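*Asks:* Residue numbers (our numbering), protein chains in the order written: chain A, 17 to 463; chain B, 51 to 236.
Just so you know, even glycine gets a beta-carbon here, dropped at the ideal spot from N, CA and C.
What you are looking at is a predicted structure, and each value in this text was computed from that prediction instead of being measured.
Would you mind keeping the following structure in view while I ask a few things?
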Amino acid sequence: MVKPSQAKAAGVRAAPALLAAAALAAAWAGLAASSPARGVFTLLGLALGAAAGAAFAGLGAGRRATRLHVALGEALAGRRPRAAGEWRADERALVEGLAEHRVQLEQVRARAERVHEASSQISQVSGPLGQDLVDLCSEAREVAHGAEAIAETCRSLDAVVERSGEEMGAVESSVEDLMVNLTECSGSSAVLAQDVSSVAAAIEEMSATLTEISQNSEGAAKVTKTAAAAAQRTDATVEVLESAAKEIGKVTAVINSIAEQTNLLALNATIEAASAGEAGRGFAVVANEVKELARQTAEATEEIRGRIDEIQASTRGTVEAIGEIAGVIGEVDEITQQIAQSVAEQQGVTANVAQTVVSVDEATRAIDANVQHSSEGALTLAQRVEALAKAASGVREGSRGISSRASQNAGRIAEVSRRLTDDGAAAAELDLFAKDAAELTGTLLDR
Amino acid sequence: MTPNPAPQDPTRPLLACFRLGRDQFALPASLVREVHSRFEVHSVPGAPSHIRGLVNLRGQIVTVIDLAAMLELKPGGGSEARHLVVLRSRSEFRGSEPDGEALSEERVGWVVDRLGDVEAPSEAALEPAPASVGDAARSLLAGVWRAETGSIGVLKLAEVLACAEDRAQASADSFRSRAAVEAAPW
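Spelled out as structure tokens, the structure:
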């Protein structure tokens, strides 16, 4: 591909060549105009040769010939020959003709100098002109190649644009998918937001419940303390009861002993009454009644002792039960404390969760906003893709035009190049000719 | 109050009941002076094994005989409270029973495991001792009373005291011979 700057440079370089060509043409014209001068030179040369020969032949004798020769030399040197009066007519004519010829020769010389100068100039110009033409020609070829390349590039561009059009179609469908996805995403984020708000509500409820549990466990701790105190008091009471039962047991033992003694007394009384015979009958009745009372007392005390044993067994059971209750209360107290601790931890965790939920809520809102932005962006993107597709089709058309024009230009430039090649050949010929002319005129002038 | 028919019928003899281990025995109440539950026995050196010792009862010395040991009865419930049945001396005896003749002038008490009541069994409830228990045992028993609480052996005081006398004599003989051996070591 040839860049415009290169083409311009080629033009700039070509300009002096053209100028030189113009100068050459002018010189050529001048030279053509003075073409008879060339004949004059030729004739002049021939005449001079003939005249010299004749002069040498005519004089014959040395002195006269020498004089003539000197006169002719002077005439040729442009000086007026001396002692003109002494010359014969023919000699005079010869010398004068020679002088005349000399004048003419001077004029010819002046012209030849001009021609030499011009041809030198032409030569000076025509050499570079040829080179310039060659360069121009190659540059033109390059330009042509460049144009071809442009055309090729345009065709590639066309293909690329076609492909990009296809890709744009894909992008368009992707954007459509994206928009569908964004819509779904928006729906999902709405659902998420709803879920988050229900989670937040649940956590609030949970927090309230935990507070309630905490209060309840505090209440339970108070209750267990009260229960523990009550159990201790009950324990003391039961101990008192037990010792009282023991005391009662001792008393019944005493009563039992008394009953036994009474029984013995009654037995003895009965024995005494029996020995008294008829007189002891009444006494025997009393003794029998006393014995019966003693028996009943013994029975009653036995019953009391059984009851007291039962009471003592019960109090022992009660003491054990109270011990167990105290243990259970201790366990309950421990569990309550653990519950309180767990609830405290749970409250901390719940607070964290609540905070996290707030963060999630914020994040969801941010997602929503981003989805909104993305939707707008996708819409814009779709519009731009459409515009881009239009632009691409414009580019395709333009590139096709450029391609065809570039091809045409390439053809034209090839034509120009061909012509320039011809011109180059002409310039080379002119150069040769100018060189010949310069050489010839130089030779001529040297003479 | 349980009605006691004993005092209503003076013709029926009263029996003082007591336990020796699991067995029940009885003695005519007219032979008994008194009963005690609290007494302190003082051992007597060289006494036969059935003599428990002496008891001071209101200033009077009572010789205490281990009846169960004397009757060669197997020891029963040892945890039972021991009681003392003090017999009348012959001069104190007012009754008409033939056993009264067997009473000694010295005051004697029997250690029993537990005292029962003084009761008056009917004639029909009293039976002679069965022959299958052997002559020696049958000689100690006046009869067997089938009471509501079980069979009660009614002891024959003269035989019991004679048995005690024999044992005391045998014990004294063995004690004397042992003492003689110890006194003449050559």
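Taking C-alpha atoms, which residue in B:Leu70, B:Pro95 and B:Ala214 lies nearest to Met120 (chain B)?
*Replies:* Closest by alpha carbon: B:Ala214.
*Asks:* Check the Cβ of Arg69 (chain B) against every Cβ in chain A and list those closer than 8 Å, keeping chain order.
*Replies:* Chain A residues near Arg69 (chain B): none, gap ~14 Å exceeds 8 Å.
*Asks:* Using a Cβ-Cβ cut-off of 7 Å, state whether Ser87 (chain B) counts as contacting chain A.
*Replies:* Answer yes: the Cβ-Cβ gap between Ser87 (chain B) and chain A drops below 7 Å somewhere.
*Asks:* Considering only their Cβ atoms, is the gap separating Cys67 (chain B) from Gly145 (chain B) smaller than 7 Å?
*Replies:* For Gly145 (chain B) and Cys67 (chain B), no; Cβs fall outside 7 Å.
*Asks:* Using the beta-carbon count (16 or more within 10 Å), is Ser233 (chain A) buried or exposed?
*Replies:* When all chains shown are included, Ser233 (chain A) counts as buried.
*Asks:* Quick check on DSSP: helix, strand or coil for Pro148 (chain B)?
*Replies:* Helix.
*Asks:* Going straight from the alpha carbon of Thr286 (chain A) to that of Ala192 (chain B), what length do you get?
*Replies:* Taking the straight line from one Cα to the other gives about 23 Å.
*Asks:* For the stretch 134-153 of chain B, enumerate the residues whose C-beta is nearer than 7 Å to any C-beta of chain A, in chain order.
*Replies:* Going along the stretch 134-153 of chain B in chain order, one finds Arg144 with a Cβ nearer than 7 Å to chain A.
*Asks:* Quick one: what does DSSP say Val267 (chain A) is sitting in, helix, strand or coil?
*Replies:* Correct three-state label for Val267 (chain A): helix.
*Asks:* My output table needs one value for Gln312 (chain A): the three-state DSSP class, helix, strand or coil.
*Replies:* Helix, per DSSP.
*Asks:* At 7 Å on the CB atoms, spell out the chain A contacts of Glu84 (chain B), in chain order.
*Replies:* Within 7 Å Cβ-Cβ: Asn284 and Ile287.
*Asks:* Would you say Ala316 (chain A) faces chain E, with C-beta separation under 7 Å as the test?
*Replies:* Here chain E cannot be found, since the structure's protein chains are A and B.
*Asks:* State yes or no: is the beta carbon of Leu176 (chain B) nearer than 7 Å to at least one beta carbon in chain A?
*Replies:* No, Leu176 (chain B) lies away from the interface with chain A (no Cβ there is under 7 Å from its Cβ).
*Asks:* Strictly under 7 Å for the Cβ-Cβ distance: is Ala275 (chain A) near chain B by that measure?
*Replies:* Answer no: the Cβ-Cβ gap between Ala275 (chain A) and chain B never drops below 7 Å.
*Asks:* Give the DSSP-derived three-state secondary structure of Gly322 (chain A) in the structure shown.
*Replies:* It is helical.
*Asks:* Would Ala422 (chain A) and Ile138 (chain A) qualify as a contact pair, given that the criterion is a beta-carbon distance under 7 Å?
*Replies:* It is not a contact, given that the beta carbons lie outside the stated cut-off.
*Asks:* Using DSSP bridges, identify the partner residues of Ala76 (chain B).
*Replies:* The partner list for Ala76 (chain B) (beta bridge, DSSP) reads B:Cys67 and B:Val204.
*Asks:* Is there a Cβ of chain B sitting closer than 7 Å to that of Ala290 (chain A), yes or no?
*Replies:* At least one chain B Cβ lies under 7 Å of Ala290 (chain A).
*Asks:* Taking only beta-carbon positions, decide if Ala192 (chain B) is within less than 7 Å of chain A.
*Replies:* Cβ-Cβ to chain A under 7 Å: no for Ala192 (chain B).
*Asks:* Within 10 Å of its beta-carbon, does Ala236 (chain A) have 16 or more other beta-carbons around it, so buried, or fewer, so exposed?
*Replies:* By the 10 Å Cβ count, Ala236 (chain A) comes out buried.
*Asks:* Is it right to say Asp148 (chain A) is buried, meaning 16 or more other beta carbons lie within 10 angstroms of its own, or is it exposed?
*Replies:* So Asp148 (chain A) counts as buried.
*Asks:* Can you give me, in chain order, the residues of the stretch 254-276 of chain A that have a beta carbon less than 8 Å from any beta carbon in chain B?
*Replies:* Hits within the stretch, in order: Glu276.
*Asks:* If you draw a straight line from the alpha carbon of Leu107 (chain B) to that of Ala230 (chain B), how long is it in whole angstroms?
*Replies:* Spanning the two alpha carbons is a distance of roughly 35 Å.
*Asks:* Would you report the Cα separation of Thr169 (chain A) and Asp439 (chain A), rounded to the nearest angstrom?
*Replies:* Going by the C-alpha atoms only, they are around 32 Å apart.
*Asks:* Since Arg83 (chain B) is in the beta strand (DSSP E), which residue starts that stretch and which ends it?
*Replies:* Run containing Arg83 (chain B): Val82 to His86, per the beta strand (DSSP E) assignment.
*Asks:* Does the stretch 94-110 of chain B come close enough to the stretch 168-177 of chain B to have 3 or more Cβ pairs within less than 8 Å?
*Replies:* With a cut-off of 8 Å, the stretch 168-177 of chain B and the stretch 94-110 of chain B do not count as touching, because too few Cβ pairs lie within range.
*Asks:* Locate the beta strand (DSSP E) running through Ala197 (chain B), then write down its first and last residues.
*Replies:* Leu191 to Ala197 is the extent of the beta strand (DSSP E) around Ala197 (chain B).
*Asks:* Return yes when the Cβ of Val135 (chain B) is within less than 7 Å of the Cβ of Val85 (chain B), no when it is not.
*Replies:* For Val85 (chain B) and Val135 (chain B), yes; Cβs fall inside 7 Å.
*Asks:* For Leu281 (chain A) and chain B, any beta-carbon pair shorter than 7 Å?
*Replies:* No, Leu281 (chain A) lies away from the interface with chain B (no Cβ there is under 7 Å from its Cβ).
*Asks:* Tell me whether Arg102 (chain B) sits in a helix, a strand or coil according to DSSP, three-state version.
*Replies:* DSSP places Arg102 (chain B) in strand when its eight states are reduced to three.
*Asks:* Is there contact here, the stretch 402-413 of chain A with the stretch 109-124 of chain A, by at least three beta-carbon pairs under 8 Å?
*Replies:* Short answer: they don't touch.
*Asks:* May I have the straight-line CA-CA distance separating Val91 (chain B) from Val114 (chain B), to the nearest angstrom?
*Replies:* So the alpha carbons of these two residues sit roughly 8 Å apart.
*Asks:* How is Asp167 (chain B) classed by DSSP in three states: helix, strand or coil?
*Replies:* Three-state DSSP puts Asp167 (chain B) in a strand.
*Asks:* For Gln219 (chain B) and chain A, any beta-carbon pair shorter than 7 Å?
*Replies:* Judged by the 7 Å Cβ criterion, Gln219 (chain B) is not in contact with chain A.
*Asks:* Rounded to whole angstroms, what's the CA-CA distance from Ala208 (chain B) to Val183 (chain B)? Just pull it up for me.
*Replies:* Distance between the alpha carbons of Ala208 (chain B) and Val183 (chain B) is about 19 Å.
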